[in-house]
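One rule links them: number in our numbering = place in the sequence shown (from 1) + 127.
Built from N, CA and C at the ideal position, the CB exists for glycine as well.
In what follows, a structure is listed as structure tokens, so that the remarks can point back to it.
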Amino acid sequence: MPEPAEKATELFRQMNKNRRNVFKAYQGFTAAIKQGSAIEDKYQSLILIACSILSQCDMCISLHVQNAVTCGATKDEIIDAGLLAVAMGGSPKMMYMRYVYEELDKLYE
128 MPEPAEKATE LFRQMNKNRR NVFKAYQGFT AAIKQGSAIE DKYQSLILIA
178 CSILSQCDMC ISLHVQNAVT CGATKDEIID AGLLAVAMGG SPKMMYMRYV
228 YEELDKLYE
């Protein structure tokens, strides 16, 4: 069974193939948000982890945890970002912390 990040990559590939103009416009939009942002990449990644948990998207959680590690976030910072989402979303969001821990286990083996 493919990992969440692999599933997301395949989805992006399909979107790029089937609706390239829409996918490229979306990529441009997200790049424009990051360009010149006052928020450092590491903190953007931590915010996106919390948003991913609130959105209940296992693929997004996986991608943003990986990116946060790449940007220098510590394991504790990543967990705390996730817990902030749990604090805002309650018990249902806590169930999505499993994806954070699964990704961290792979990255910090």
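So what's Met-215 in DSSP terms, helix, strand or just coil?
helix
Spell out a yes or no on whether the segment 157–165 and the segment 133–149 are touching, meaning 3 or more CB-CB pairs, one atom from each, closer than 8 Å.
Between the segment 157–165 and the segment 133–149, the count of C-beta pairs closer than 8 Å stays below three; the two stretches do not touch.
What does the alpha-carbon distance come out to for the pair Lys-220 and Cys-178?
11 Å
In this structure, does DSSP put Pro-129 in helix, strand or coil?
The DSSP-derived three-state label of Pro-129 is coil.
Candidates Ala-152, Thr-201 and Ile-205: which alpha carbon is nearest Leu-175's?
Ile-205
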